[in-house]
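Report on the structure given below.
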Amino acid sequence: LLLFLEFFISNRPNKVNLVVFKIGILKYFNFKYYRNPKAPDRQVDLENGITGPGGCLCAGRNCYLAAFLEMSQLETGHILVFQITDKFYDAALMMVIDDITEAIVVVVRGTLSGTDTLIDLVAAGEPLRDEDYSLPNDQKLIAHSGMVRTSRNIANKIIEDKWIESAKALRPKYPLVITGHSLGGGLVSLMCVFLKPHFPEIKAYAFSPPGGLMNKNLAEFTRDYLCSITYGYDLIGHLDSQTMEDLRARIFHALCVYRTPKFRALTNQMCLTITRNLVCKSKLPQVIRLDAVTGSKLIDPDMNDAYETPIGSKFKPHLKDRVVGSTKVDRLYVSDRSLMRWKKPDCHSLLVLPRPYPKSLYPECLLEPKKHNLYTLDLLMESMLRPIPSGRLLHIIEVDKEFEVEGEQSYKKPGYQPPPIAIWSNAETFNSILIHPKMIFNHSPIYVSTALNRLYDSIMHPRKIFCKIHLNTYYKEAKSVPGIERKYADHCIDNYCRVRKLK
Numbered sequence: 001l002l003l004f005l006e007f008f009i010s011n012r013p014n015k016v017n018l019v020v021f022k023i024g025i026l027k028y029f030n031f032k033y034y035r036n037p038k039a040p041d042r043q044v045d046l047e048n049g050i051t052g053p054g055g056c057l058c059a060g061r062n063c064y065l066a067a068f069l070e071m072s073q074l075e076t077g078h079i080l081v082f083q084i085t086d087k088f089y090d091a092a093l094m095m096v097i098d099d100i101t102e103a104i105v106v107v108v109r110g111t112l113s114g115t116d117t118l119i120d121l122v123a124a125g126e127p128l129r130d131e132d133y134s135l136p137n138d139q140k141l142i143a144h145s146g147m148v149r150t151s152r153n154i155a156n157k158i159i160e161d162k163w164i165e166s167a168k169a170l171r172p173k174y175p176l177v178i179t180g181h182s183l184g185g186g187l188v189s190l191m192c193v194f195l196k197p198h199f200p201e202i203k204a205y206a207f208s209p210p211g212g213l214m215n216k217n218l219a220e221f222t223r224d225y226l227c228s229i230t231y232g233y234d235l236i237g238h239l240d241s242q243t244m245e246d247l248r249a250r251i252f253h254a255l256c257v258y259r260t261p262k263f264r265a266l267t268n269q270m271c272l273t274i275t276r277n278l279v280c281k282s283k284l285p286q287v288i289r290l291d292a293v294t295g296s297k298l299i300d301p302d303m304n305d306a307y308e309t310p311i312g313s314k315f316k317p318h319l320k321d322r323v324v325g326s327t328k329v330d331r332l333y334v335s336d337r338s339l340m341r342w343k344k345p346d347c348h349s350l351l352v353l354p355r356p357y358p359k360s361l362y363p364e365c366l367l368e369p370k371k372h373n374l375y376t377l378d379l380l381m382e383s384m385l386r387p388i389p390s391g392r393l394l395h396i397i398e399v400d401k402e403f404e405v406e407g408e409q410s411y412k413k414p415g416y417q418p419p420p421i422a423i424w425s426n427a428e429t430f431n432s433i434l435i436h437p438k439m440i441f442n443h444s445p446i447y448v449s450t451a452l453n454r455l456y457d458s459i460m461h462p463r464k465i466f467c468k469i470h471l472n473t474y475y476k477e478a479k480s481v482p483g484i485e486r487k488y489a490d491h492c493i494d495n496y497c498r499v500r501k502l503k
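Positions 1 to 503 (the UniProt record's numbering) are the ones given, in order, by the sequence shown.
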């Protein structure tokens with residue numbers, strides 16, 4: 001390459017020199033391509049493991065595979081299956097041998113491609129097993145339709161190709177563990193049902209699974225071998241067709257009862273946001289100022305208030321056309337509300353907003369969506385009532401301060417963040433969408449894994465105090481603050497456990 005550059009620079013750049021230079025560049029990159037091959041979309045080697053990525057991160061899946069190896073600290077010989085796919089009703093996954101946890105692990109990727117998004121949107125309820133079609137409605141195992149079909153395809157591929165048997169030939173005593181995040185968490189929650197008869201020792205761990213995933217029968221059916229983990233204000237754990245309709249009704253209600261012109265409120269808030277970020281962060285209000293009556297209406301909305309407005313009056317006559325939902329929901333605790341305790345678990349009804357025209361004007365395809373193979377909102381809501389993310393749900397929650405120890409002062413330093421706690425939550429309290437600035441960030445696998453690392457460090461070393469763990473640590477061990485420990489007495493250290501169950 002240097003010879004060609006020297007030749008090109010030392011001569012006048014005529015057409016011949018340009019052609020020769022281009023040929024040299026092409027030969028150079030062709031040489032580098034064969035020296036650094038690209039990682040294909042699919043590699044399966046059940047005996048020796050897959051080959052590693054080439055040196056050029058731009059080629060094929062080299063960057064994808066190299067990032068996974070760096071974060072997991074695995075070797076390519078431990079990865080038996082590597083598959084990236086954009087096919088419908090299929091998902092990207094890996095199968096690895098983890099000698100640290102002594103397990104055969106199948107990892108399913110979350111939503112990343114457009115095809116993954118389409119699978120998420122096929123959200124009607126569908127019987128999970130063939131025998132569920134003939135069972136009474138109160139005994140059926142119902143789950144998210146797109147994930148049912150995808151998980152069935154993946155499970156059948158694992159069984160037919162004998163992936164697990166081949167891995168067990170290398171590590172006979174290792175059990176099967178399946179895990180995934182987001183869409184992957186939903187898929188492994190259903191895959192474990194298909195794989196359980198073939199591999200009785202299976203355990204499934206779903207991180208940040210979607211809310212509209214399964215009915216209560218399926219949640220109880222998988223309770224012994226499925227554990228789901230969600231973090232903070234994660235939106236996806238609250239998300240299904242009924243909660244989306246409830247959010248739509250709440251937004252419409254807010255637009256109706258908030259009398260201030262919306263352009264004025266939006267303009268004022270945009271100016272406050274810009275000023276707060278550029279000039280002063282502490283003295284300006286964080287939210288729009290509301291009077292007491294409007295504030296109470298927005299916290300606990302009653303759709304009848306919206307129906308009394310000129311716009312809302314167009315919707316009220318057609319309320320009877322909606323089968324699911326109500327106009328007023330008593331969902332909130334009266335006082336002392338927090339992320340751990342804000343919604344009554346026995347409240348299952350949600351708000352609903354009818355269409356502004358009668359059902360007689362519906363086209364035939366909306367009146368009979370199953371006949372036309374359409375996934376309408378009414379069909380999505382009626383096909384799986386009261387869906388939940390899991391039967392065993394661990395909710396990781398951030399706290400403002402340390403546990404209080406009598407006679408001791410809590411550790412307070414700039415930048416220090418106390419470790420989170422984990423609550424065994426009632427999954428039925430997740431059937432309402434919480435609007436919060438962190439509801440998107442708390443779904444990120446980086447934030448979830450960092451919170452898990454902080455929780456793990458505090459459980460394994462309850463007396464040590466760890467500095468703020470940055471998001472890019474991944475596998476690195478956190479360093480504790482030297483010379484400072486929590487003064488927990490031996491006989492009461494269990495009182496400060498960070499994994500708890502609400503009374």
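Don't be surprised by glycine CBs; every beta carbon is placed ideally from N, CA and C. The structure displayed is predicted, hence computed values, not measured ones.
8 Å Cβ shell around residue i - same chain, five flanking residues per side excluded
i       : result
Pro-445 : Gly-110, His-181, Ser-182, Phe-207, Ser-208
Lys-370 : Leu-379
Thr-243 : Gly-211, Gly-212, Leu-350, Asn-431, Ser-432, Ile-433
Leu-112 : Ala-92
Pro-40  : Gly-60, Arg-61
Per-residue DSSP class, three states only, for residue i
i       : result
Val-257 : helix
Phe-466 : strand
Tyr-416 : coil
Cys-227 : strand
Trp-424 : strand
His-395 : strand
Val-105 : strand
Gly-232 : coil
Lys-168 : helix
Arg-500 : strand
Asp-494 : helix
Asp-302 : strand
Lys-343 : strand
Ile-388 : strand
Ala-39  : strand
Leu-361 : helix
Ala-489 : coil
Leu-332 : strand
Buried versus exposed, by CB contacts within 10 Å (16 or more), residue i
i           : result
Met-270     : exposed
Cys-492     : exposed
Tyr-333     : exposed
His-198     : exposed
Asn-495     : exposed
Arg-61      : buried
Thr-429     : buried
Val-448     : buried
Met-191     : buried
Tyr-233     : buried
Ser-151     : buried
residue 525 : Residue 525 is absent from the model: the chain starts at 1 and stops at 503.
Asn-48      : exposed
Met-384     : buried
Val-188     : buried
Ala-219     : buried
Sequence-distant residues of its chain with Cβ nearer than 6 Å to residue i (five each side left out)
i       : result
Leu-393 : Ser-228, Ser-425, Ala-427
Leu-339 : Ile-397
Thr-115 : Asp-86, Phe-88
Tyr-375 : Ala-124
Pro-172 : none
Cβ shell of residue i (< 7 Å), same chain only, five flanking positions each side left out
i       : result
Lys-468 : Gly-415, Tyr-416, Gln-417
Arg-250 : Pro-301, Leu-351
Ala-306 : Phe-252, His-253, Cys-256, Val-257, Gly-312
Ile-79  : Gly-49, Ile-50, Met-94, Val-96
Residue range of the unbroken alpha helix (DSSP H) whose run includes residue i
i           : result
Pro-369     : From DSSP, Pro-369 is part of no alpha helix (DSSP H); its letter is neither H nor E.
Val-481     : Note, Val-481: premise wrong, no alpha helix (DSSP H); beta strand (DSSP E) at 480 to 485.
Arg-454     : 445 to 460
residue 548 : Missing from the structure shown is residue 548; the chain here goes from 1 to 503 and no further.
Leu-379     : 377 to 383
Leu-69      : 62 to 72
Strand pairing of residue i, partner residues [DSSP]
i       : result
Lys-203 : Val-177
Met-95  : Val-81, Val-106
His-144 : Gly-125
Ser-326 : Leu-351
Met-214 : Ala-143, Ile-388
Delimiting residues of the beta strand (DSSP E) encompassing residue i
i       : result
Pro-127 : 125 to 127
Ile-311 : Segment: none, Ile-311 is in no beta strand (DSSP E) and carries neither H nor E.
Val-293 : It is not in any beta strand (DSSP E) - Val-293 instead sits in the alpha helix (DSSP H) that spans 292 to 299.
Arg-42  : 42 to 44
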